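Enquirer: The C-terminal residue of the sequence shown carries number 80 in the working numbering, and the numbering is unbroken.
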Amino acid sequence: MARKGKIVIDGEQCKGCYLCTRSCPQKILEPDTEINASGSYPVKITNEEKCIACGNCYEVCPDVCIEIYEIA
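Printed below as a string of structure tokens:
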């Protein structure tokens, strides 16, 4: 059975480098259309049901604003 995950992104801490969007094998992360308090376009989740909890986005985030939880 495929792994399932839950992603939590701190949109206020995200500076919009988009390293996570390039590292996601499921392509479920993309830039948001709303700016955050620091004037950046943070990342948003487009289809969390497709998350496989691989942790790639967490590993590449330089600001540690992504958390991944594996769902049993």
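Every residue gets a Cβ at the ideal spot worked out from N, C-alpha and C, and that includes glycine. On a predicted model such as this, the values are computed, not experimentally measured, just so you know.
In or out: Asn55 buried (at least 16 other Cβ within 10 Å) or exposed?
Expert: Exposed: under 16 other Cβ atoms inside 10 Å.
Enquirer: For the candidate residues Ala10, Pro33 and Asn44, whose alpha-carbon lies nearest to that of Ile17?
Expert: Here the closest residue by C-alpha is Asn44.
Enquirer: Quick check on Val51: buried or exposed, where buried means 16 or more other Cβ atoms within 10 Å of its Cβ?
Expert: It counts as buried.
Enquirer: If you run the structure through DSSP and keep just helix, strand and coil, what is Ala23?
Expert: This sequence places Lys at residue 23; Ala is not what is there. Coil at Lys23, not helix or strand.
Enquirer: Using a Cβ-Cβ cut-off of 7 Å (strictly less than) and excluding sequence neighbours within five positions of Cys32, which residues of its own chain qualify?
Expert: For Cys32, where only same-chain residues beyond five positions count, the Cβ hits under 7 Å are Asn64 and Cys65.
Enquirer: Let me know the secondary structure DSSP gives Tyr49 once reduced to three states.
Expert: Three-state DSSP puts Tyr49 in coil, outside helix and strand.
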